[in-house]
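For reference, the structure discussed in these notes is given below.
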Amino acid sequence: MGRSQETFFKKQREKNRERKKKEKFEKKENRRASSTGGSEIDWESAPENKTMTQDEMEQKAQNRDETKDY
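Put into structure tokens, the structure is as follows:
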């Protein structure tokens, strides 16, 4: 009698483990499906970096112009 009860509880634990695993996977898939890819950054309203030297600002502008072509 004791053995069958142990077996029953073991099967119940395994079922619960599988059910929780399946629910967790479904939640993960739902989050992935409803994800918008993070928050959008409004670069126009972002504060300007005032710590850059004039040379660094010129380099940044040059890099921006070079990458605009792509």
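According to the working numbering, the sequence shown is numbered sequentially starting from 1. Quick reminder that beta carbons are idealized off the backbone N, C-alpha and C, glycines included.
Separation of residue j from residue i, as counted between CA atoms
i   : j   : result
T51 : Q59 : 14 Å
R13 : R32 : 28 Å
E18 : E29 : 16 Å
S34 : K27 : 11 Å
Q62 : D55 : 11 Å
T53 : G37 : 34 Å
F8  : F25 : 26 Å
Residue i - DSSP class collapsed to helix/strand/coil
i   : result
E48 : coil
D42 : coil
T67 : helix
T53 : coil
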